[in-house]
Ligand SMILES: Cc1ncc(COP(=O)(O)O)c(C=O)c1O
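Residue numbers (my numbering): 266 to 725.
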């Protein structure tokens, strides 16, 4: 067979292409895809994955520079986790959530060991959104208060309460959401007016003062919790410039009896070069929410890990929370195995080391490409923010707007060269699995370099 560009295609290759098209057809005909106009969906027909890479049915290889949904931290197809799931499936695939199991107890004990401070008891959920829902419910039960404060530039999940809690514009289609969320502005030193006439540290401090004013105006005795991502993720990996921000938030929570809930769904499990994003700030929350990297997607699982004070409260008060699949044995077995893998393969340390190598490349690209306004992040949790003009910081593609031609070119080049990542508004995410090799870094960074060169001509 001769293809349009007159290269010879073997029958095996054309079978593979047909298979890829058939997978896409069936998926598009019978399933609905998240957050999308269905008619515009063009999903990748992925059939296998190993380590940092995955392949589509037509055998095209992609380096996974966003770890799927920033969750496959240990990499794809890890034999230890697969074995643990198989063993658990044979032994005991499921029991009701009121039962005690080896898998549940072990996973929770391992989680308690790596979470900060004295956080210990775990409530298992199915993913991140329902973990946040349950954390907010617990805060409201323990404090007897109603409101939850969160950030505009944040995402906490797609269920009703979690979606309202996040500021991500995906919430707008479903507004008004729950009425007890109060949103705060962000430590976005690159763009926030608050940081314009001061050092970033001074900006952080001013922001904390403003939050205190907001607490007072909202009624401190009505605020159950402050819910923040341990290290901001899909809203642009926006981090405060100093520890002052987090220390200030902790101080305000203590002063006003507010529960601090830290959402580590995306920033947890080594992503930032620490077990959890909040570990970079030496702050211990009252509840830590996690999912994604807990099982790296091998089986869905989320968790809320609570302080001894909260655990004590529920020793004599009903925990009004429950899910059929809470503590699912398969998922708990996967979590136990994943935590072992992080430790045995030194992946937390590796995120720091490989992250520094990527940072050096991104620093160089920031110098060389006028389209790069800022590169930021930590460990293997990084983003490039692209601008039309470095002085005015005008974004190359607007917040919550369709991609401009420049951004489409960047995304198109990355995809065609097998660099899989999120390109959203003016951001290009660089969030690979923690097991990424030096060769994969070199390969990926040179593709990224080429893609940025395509955006440069659109800049002043
Ligand atoms: C910080 C954060 N919290 C919560 C969620 C929701 O997790 P899930 O999609 O597992 O419900 C996400 C998902 O991206 C997230 O990034």
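We put the beta carbon where it would ideally sit given N, CA and C, even for glycine.
(request) Write down every uninterrupted run of the alpha helix (DSSP H) in the stretch 433-514 whose length is 4 residues or greater and which is fully enclosed by it, in chain order. (result) Taking only runs of at least 4 residues, the alpha helix (DSSP H) segments lying wholly in the stretch 433-514 are 465-483.
(request) Determine the DSSP secondary structure at residue 548, reduced to helix, strand or coil. (result) Three-state result, residue 548: coil.
(request) Could you check the C-alpha separation between residue 491 and residue 662 for me, to the nearest Å? (result) One C-alpha to the other measures close to 31 angstroms.
(request) Return the residue from the list 650, 330, 608 and 437 that minimises the CA-CA distance to residue 539. (result) Out of 650, 330, 608 and 437, the CA that lies nearest to the CA of residue 539 is found in 608.
(request) Kindly identify the DSSP beta-bridge partner or partners of residue 525. (result) Looking at the DSSP output, residue 525 shares a beta bridge with 491.
(request) Kindly indicate which three-state DSSP category residue 359 falls into: helix, strand or coil? (result) Looking at residue 359 - three-state DSSP - the assignment turns out to be coil, as it is neither helix nor strand.
(request) Report yes or no: do the stretch 357-364 and the stretch 588-598 share at least 3 C-beta pairs separated by less than 8 angstroms? (result) Touching, yes.
(request) Measure the Cβ-Cβ separation of residue 324 and residue 685 and say whether it is below 8 angstroms. (result) Taking C-beta atoms as the reference points, residue 324 and residue 685 fail to come closer than 8 angstroms.
(request) Could you tell me which uninterrupted beta strand (DSSP E) segments, each at least 3 residues in length, are contained entirely in the stretch 384-424, listed from first to last along the chain? (result) Note on the stretch 384-424: whole beta strand (DSSP E) runs with a minimum of 3 residues are 386-390 and 412-416, in chain order.
(request) Run through the stretch 599-635 for me and flag every whole alpha helix (DSSP H) of 4 or more residues, listed as ranges in chain order. (result) Counting only runs of 4 or more, we get 612-633.
(message) What does the Cβ neighbour count give for residue 295, buried or exposed, with the cut at 16 atoms within 10 Å?
(response) Around the CB of residue 295, fewer than 16 other CB atoms lie within 10 Å, so the residue is classed as exposed.
(request) Could you tell me whether any Cβ in chain D is nearer than 8 angstroms to the Cβ of residue 652? (result) The chain labelled as chain D is not found in the depicted structure, where only one protein chain is given.
(request) Would you identify the three-state DSSP class for residue 689, choosing helix, strand or coil? (result) In the three-state reduction of the DSSP assignment, residue 689 falls in the strand class.
(request) Take residue 435 as the anchor and find which of 420, 616 and 718 has the nearest alpha-carbon. (result) Comparing Cα positions, the closest option is 420.
(request) Rounded to whole angstroms, what's the CA-CA distance from residue 721 to residue 488? Just pull it up for me. (result) A direct Cα-Cα distance of roughly 47 angstroms separates residue 721 from residue 488.
(request) Whole angstroms is fine: what's the gap from residue 485's alpha carbon to residue 525's? (result) Rounded to whole angstroms, the separation of the alpha carbons of residue 525 and residue 485 is 14 angstroms.
(message) Which residue marks the beginning of the alpha helix (DSSP H) containing residue 292, and which one marks its end?
(response) Boundaries of the alpha helix (DSSP H) harbouring residue 292: 276-295, taken from the DSSP string.
(request) Look up residue 321 in the DSSP assignment and give the residues it is bridged to. (result) The bridge partners DSSP lists for residue 321 are 311.
(message) Taking contact to mean 3 or more Cβ pairs, one atom from each stretch, closer than 8 angstroms, check whether the stretch 433-453 and the stretch 368-383 are in contact.
(response) These segments do not touch.
(request) Between the Cα of residue 532 and those of 507, 519, 523 and 561, spot the shortest distance and give me the residue it belongs to. (result) Residue 561 is the option with its Cα nearest to residue 532.
(message) Considering only heavy atoms of ligand 1, does any lie closer than 7 angstroms to the CB of residue 494?
(response) Because some heavy atom of ligand 1 lies under 7 angstroms away, the Cβ of residue 494 counts as near it: yes.
(message) Considering just the uninterrupted stretch of the beta strand (DSSP E) at residue 579, what are its terminal residues?
(response) Residue 579 -> not in any beta strand (DSSP E); alpha helix (DSSP H) instead, spanning 573-581.
(request) Using a threshold of 8 angstroms, state whether the C-beta atoms of residue 390 and residue 588 are closer than that. (result) Going by beta carbons, residue 390 and residue 588 fall inside the 8 angstroms limit.
(request) Run the CB neighbour count on residue 637, radius 10 Å, all protein chains shown included, and call it buried at 16 or more, exposed below. (result) Classified as buried, residue 637 has 16 or more neighbouring CB atoms from the shown chains inside 10 Å of its CB.
(message) If you reduce the DSSP assignment to three classes, tell me which class residue 266 lands in.
(response) In this prediction, residue 266 has a pLDDT of 42, which is less than 50 and means its spatial position is unreliable; what the coordinates show is noted afterwards. Coil, per DSSP.
(request) With DSSP as the reference, label residue 378 as helix, strand or coil. (result) If DSSP states are grouped into helix, strand and coil, residue 378 belongs with the helices.
(request) With hydrogens ignored, establish whether the beta-carbon of residue 334 is closer than 7 angstroms to any heavy atom of ligand 1. (result) True, at least one ligand heavy atom lies under 7 angstroms from that Cβ.
(message) Taking 7 angstroms as the cut-off, is the beta-carbon of residue 736 closer than that to any non-hydrogen atom of ligand 1?
(response) Given a span of 266 to 725 for the chain in the structure shown, any question on residue 736 remains unanswerable.
(message) At the level of alpha carbons, what is the spacing between residue 301 and residue 307?
(response) Between residue 301 and residue 307, the C-alpha separation is close to 10 angstroms.
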